[in-house]
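K.L.:
Before we start, here is the structure in question, set down as structure tokens.
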Amino acid sequence: MDELLRVENLHTVFRTDRGVVHAVRDISYEINESEIIGLVGESGCGKSISQMSVLQLIPTPPGKIVSGKALFDGVDLLKLGKHSDELSGIRGEKISMIFQEPMTSLNPAMTIAKQMSEVLIVHLNTQKREARERCVDMLAQVGIPDPGNRIDDYPHQLSGGMRQRVMVGMAMLCNPKLIIADEATTALDATIQAQLLELMYEMVRRYKTALVLVTHNLGVVARYAQRINVMYAGRIVESGTVREIWNETAHPYTKGLLKCMPKLGTALTPIHGKPPSLIGESVLCPFRPRCEERIALCDELPVGAPTHLGGSHSTACIRVTEGKGL
Ligand SMILES: Nc1ncnc2c1ncn2[C@@H]1O[C@H](COP(=O)(O)OP(=O)(O)OP(=O)(O)O)[C@@H](O)[C@H]1O
Ligand SMILES: [Mg+2]
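Under the working numbering, the first residue of the sequence shown is numbered 2, with each subsequent residue one higher.
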């Protein structure tokens, strides 16, 4: 499979009154063409900020990408000007993002027709009439009934689920190579969320689009993704195929996530203890205070980069690096 996006050593910070928040600490991962990968972890662990960093969408200041590369089709997206035409062209056309809250992404003062058409007019130079036709067709594909009329609605005239469908349709309009979907965990009820995931899955399969599925829910990724990256306190602590993560779980945090999963498709119950503060430098394993498998070396050695365990599997755990406990 051809590689589509390779992120290397991405590190993003926020300067705050309380100190420097290291939201994303030196993460690396890749996604291949038409592959679906999951990005999983508790609230605040850096999932959204890592994805927004790739497209330079974090507010700067207070945010700053201090290091890293994001190679997409051979171009380092982090080297492009934040407001450059080249990056604006890639955002929305080659890489689309679907955000957690559709009401903040859709403009309440513009009809669906206007905002959807604009995507095609701006990115692909499509004529107005043709743009409208393609948008109606896309709304039909994402399951909006009576799309020829509903397209003239304003966002508030649609239900939450419908707005999400519009977001998916809008993200697909230019036939992007990659969609980053930052899951709506609170905005929608479980049934609508399940339908939406099913819809996104169908759409990316149909158009052979790669998908990064950002979620708290390990059950969701197991169902849709081929590979999973587990994030904790700004780092990727384990990655692998769904089978590797399930059957050969290496990191105690992932074990915790799996253990506290009541059943597939429901939300995670947090592991005892709280995630650490992300303020300041930290070289020791951030999961140490909550870890049931902690050894003396965990308090001495820097956790370092993930160790390759074979296949697609890797983990950043001292026990593993030191050859203990596996
Ligand atoms: N503007 C900001 N200023 C300071 N810190 C920020 C800012 N934006 C995000 N952060 C911090 O960055 C960290 C990562 O946030 P992020 O939004 O990526 O978490 P997340 O994993 O997406 O969480 P959730 O699952 O709740 O969406 C958090 O600790 C957050 O407090
Ligand atoms: Mg988030």
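Note that CB positions come from ideal geometry on N, CA and C, so glycine has one too.
Only a predicted model underlies this, so the values are computations on that prediction, with no experimental measurement involved.
(1) Mind reading off the beta-carbon distance from Gly149 to Val137? Whole number of angstroms is fine, and I expect it under 8 Å.
(2) Going by DSSP, what residues sit across from Phe15 in a beta bridge?
(3) Identify, in the order they occur along the chain, each residue of the same chain with its Cβ nearer than 7 Å to the Cβ of Ala114, setting aside the five sequence neighbours on each side.
(4) Hey, out of Ala182, Leu310 and Lys209, whose CA is closest to Val215's CA?
(5) I need the DSSP call for Leu327, collapsed to helix, strand or coil.
(6) Would you kindly work out how many angstroms separate the C-alpha atoms of Asp86 and Gln227, rounded to a whole number?
(7) Three or more C-beta pairs closer than 8 Å, one from the region 272-292 and one from the region 254-264: is that the case here?
(8) Taking the C-alpha atoms as reference points, what is the distance between Ala340 and Leu81?
(9) Which value, in whole angstroms, describes the spacing of the CA atoms of Tyr254 and Asp300?
(10) So Ser240 packs on Ser315, CB below 8 Å; how close in whole Å?
(11) In the structure shown, what three-state DSSP assignment does Arg164 receive?
(12) Which residues have a Cβ closer than 6 Å to any heavy atom of ligand 3, listed in chain order?
(13) Would you report the Cα separation of Thr250 and Gly42, rounded to the nearest angstrom?
(14) Spatial neighbours of Ile38 within its chain, please: CB distance less than 6 Å, with the 5 preceding and 5 following residues excluded, ordered by chain position.
(15) According to DSSP, which residues form a beta bridge with Tyr155?
(16) Starting from the N-terminal side, write out each stretch of the beta strand (DSSP E) that is 3 residues or longer and does not extend beyond the region 30-91.
(17) With which residues is Tyr233 paired in a DSSP beta bridge?
(18) Determine the direct distance from the alpha carbon of Val25 to that of Glu9, and round the result to whole angstroms.
(19) Quick check on the burial criterion: 16 or more other C-beta atoms within 10 angstroms. Buried or exposed for Pro156?
(20) Mind reading off the beta-carbon distance from Pro60 to Arg16? Whole number of angstroms is fine, and I expect it under 8 Å.
P.N.:
Taking the structure as given:
(1) With a contact defined as Cβ atoms closer than 8 Å, Gly149 and Val137 qualify at about 5 Å.
(2) Its beta-bridge partners are Val22 and Gly64.
(3) Cβ neighbours of Ala114 within its own chain (closer than 7 Å, five residues either side excluded): Arg133, Cys136, Ile152 and Asp153.
(4) Closest by alpha carbon: Ala182.
(5) At Leu327 the pLDDT is 47, less than 50, meaning the model places this residue with poor confidence; the figure from the coordinates comes in the next sentence. Looking at Leu327 - three-state DSSP - the assignment turns out to be coil, as it is neither helix nor strand.
(6) Their backbone Cα atoms lie some 33 Å apart in a straight line.
(7) Counting Cβ pairs under 8 Å, three or more are found: they touch.
(8) Examination of residue 340 is not possible in this model, given that the chain is present from 2 through 327 alone.
(9) Near 17 Å, if we compare the C-alpha coordinates of Asp300 and Tyr254.
(10) Contact holds; Cβ gap of about 6 Å.
(11) For Arg164, the secondary structure class from DSSP, reduced to helix, strand or coil, is helix.
(12) Ligands displayed in this structure: ligand 1 and ligand 2; ligand 3 is not among them.
(13) Going by the C-alpha atoms only, they are around 15 Å apart.
(14) Ile32, Val213, Ala226 and Arg228.
(15) Looking at the DSSP output, Tyr155 bridges to nothing.
(16) Segments of the beta strand (DSSP E) lying fully in the region 30-91: 37-41 and 64-73.
(17) According to DSSP, which records beta bridges pairwise, Tyr233 is partnered with Arg236.
(18) Those two C-alpha atoms are separated by around 12 Å.
(19) Classification for Pro156: buried.
(20) Pro60 to Arg16, Cβ: 11 Å. No contact.
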